[in-house]
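**Student:** In order, the protein sequence lines correspond to chains A and B. Whatever position you read off the first sequence (first residue = 1), add 14 for our numbering. Whatever position you read off the second sequence (first residue = 1), add 11 for our numbering.
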Amino acid sequence: AQSVSQHNHHVILSEAASLELGCNYSYGGTVNLFWYVQYPGQHLQLLLKYFSGDPLVKGIKGFEAEFIKSKFSFNLRKPSVQWSDTAEYFCAVKPFYGKLTFGQGTILTVHP
Amino acid sequence: GAGVSQSPSNKVTEKGKDVELRCDPISGHTALYWYRQSLGQGLEFLIYFQGNSAPDKSGLPSDRFSAERTGGSVSTLTIQRTQQEDSAVYLCASSLALASGGAAYEQYFGPGTRLTVT
Numbered sequence: 015a016q017s018v019s020q021h022n023h024h025v026i027l028s029e030a031a032s033l034e035l036g037c038n039y040s041y042g043g044t045v046n047l048f049w050y051v052q053y054p055g056q057h058l059q060l061l062l063k064y065f066s067g068d069p070l071v072k073g074i075k076g077f078e079a080e081f082i083k084s085k086f087s088f089n090l091r092k093p094s095v096q097w098s099d100t101a102e103y104f105c106a107v108k109p110f111y112g113k114l115t116f117g118q119g120t121i122l123t124v125h126p
Numbered sequence: 012g013a014g015v016s017q018s019p020s021n022k023v024t025e026k027g028k029d030v031e032l033r034c035d036p037i038s039g040h041t042a043l044y045w046y047r048q049s050l051g052q053g054l055e056f057l058i059y060f061q062g063n064s065a066p067d068k069s070g071l072p073s074d075r076f077s078a079e080r081t082g083g084s085v086s087t088l089t090i091q092r093t094q095q096e097d098s099a100v101y102l103c104a105s106s107l108a109l110a111s112g113g114a115a116y117e118q119y120f121g122p123g124t125r126l127t128v129t
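#1: Quick check on the DSSP output: the beta strand (DSSP E) that includes K113(A) runs from which residue to which?
#2: Going by CA-CA distance only, name the one from I82(A), V71(A), E78(A) that's closest to V95(A).
#3: Can you give the Cα-Cα distance for P19(B) and K85(A), rounded to whole angstroms?
#4: So, using beta-carbon positions, are G53(B) and Q118(A) closer together than 8 angstroms?
#5: Under a Cβ-count criterion, where at least 16 other Cβ atoms within 10 Å of its own Cβ denotes burial, should R92(B) be classed as buried or exposed?
#6: In its own chain, which residues sit with a C-beta less than 6 angstroms from the C-beta of H21(A), not counting the 5 before and 5 after it?
#7: Are the beta-carbon atoms belonging to K26(B) and T127(B) less than 8 angstroms from one another?
#8: Once DSSP output is grouped into helix, strand and coil, what is the label at D35(B)?
#9: From S77(B) to A31(A), what distance separates their C-alpha atoms?
#10: Does K83(A) pass the burial test, meaning 16 or more other C-beta atoms within 10 Å, or should it be called exposed?
#11: Report the neighbours of E117(B) on chain A: residues whose CB is nearer than 9 angstroms to its CB, in chain order.
#12: Note the first and the last residue of the continuous beta strand (DSSP E) segment covering R47(B).
#13: Let me know if A65(B) comes out buried or exposed under the rule of 16 or more other beta-carbons within 10 Å of its beta-carbon.
#14: For chain A, check one thing: does any of its Cβ atoms lie closer than 8 angstroms to the Cβ of F56(B)?
#15: Report the option in L107(B), L88(B), L50(B) whose CA atom is closest to the CA atom of P72(B).
#16: Would you call the CB atoms of A106(A) and Y53(A) closer than 8 angstroms?
#17: Thinking C-alpha only, which one of R47(B), S38(B), D29(B) is nearest V15(B)?
#18: Between F48(A) and P69(A), what straight-line distance do the alpha-carbon atoms span, to the nearest angstrom?
#19: With DSSP as the reference, identify every bridge partner of E102(A), one or two as the case may be.
#20: Closest Cβ-Cβ distance between G82(B) and chain A: below 8 angstroms?
As structure tokens, this is what we get:
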């Protein structure tokens, strides 16, 4: 069965630090890739997505992610985090034929 | 426009009771999904509906769980004879459709229903 792994359960950073959250998946075929974010007390919302084309995708609030097909990875990055980035981040993968599968989530805490 | 709404926002029930959770998707969205979010477990797929097609129930954890979608809009998730392990946040999402040309449509999530079984 397909699976999505997020390497870190909880990441703690200071403001202005760089961020990279890992995401690996097990499915070998064509996939759609997503990062969702859940800010405290808010709904899950889409941060960015990859369907095809340029493997480096840019999302909202300065986030970007790079799809590396050979590594089955879709890591999320931000050069300089802010306190307002404190949230839980979910990687999700949808195979061409299949359902959207979410990772376990990574809690990001940014200290001012 | 209005987003996905869910009710109730919180539900506390006694073990063995039945509960119904409601989801109102975004108007015009033909696909509707239910997920369960448990602490540290991520989002667990339960069921999805797409238009008039038979729902994909492959994620329902037991026969105590069922869902229906009436008139292609509102959906109700029912849990019969609740158990303590059913305690979780139940999330509903909707999307314009499942996918087009291999590209999945974005899912829009509701605020969730926090279910506590005592």
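C-beta atoms are modelled at their ideal positions from N, C-alpha and C, and glycine is treated no differently.
**Tutor:** The short version:
#1: First-last for K113(A): undefined, no H or E at that position.
#2: E78(A)
#3: 42 angstroms
#4: yes
#5: exposed
#6: G36
#7: Not closer than 8 angstroms, so no.
#8: D35(B): strand per DSSP, three-state reduction.
#9: Whole-angstrom Cα-Cα distance: 46 angstroms.
#10: exposed
#11: F48, L60, K63
#12: From DSSP, the beta strand (DSSP E) with R47(B) extends over 42 to 49.
#13: Looking at its Cβ environment, which holds fewer than 16 other Cβ atoms inside 10 Å, A65(B) is exposed.
#14: yes
#15: L88(B)
#16: no
#17: It is S38(B) whose Cα lies nearest to the Cα of V15(B).
#18: 12 angstroms
#19: Q52(A), I121(A)
#20: no
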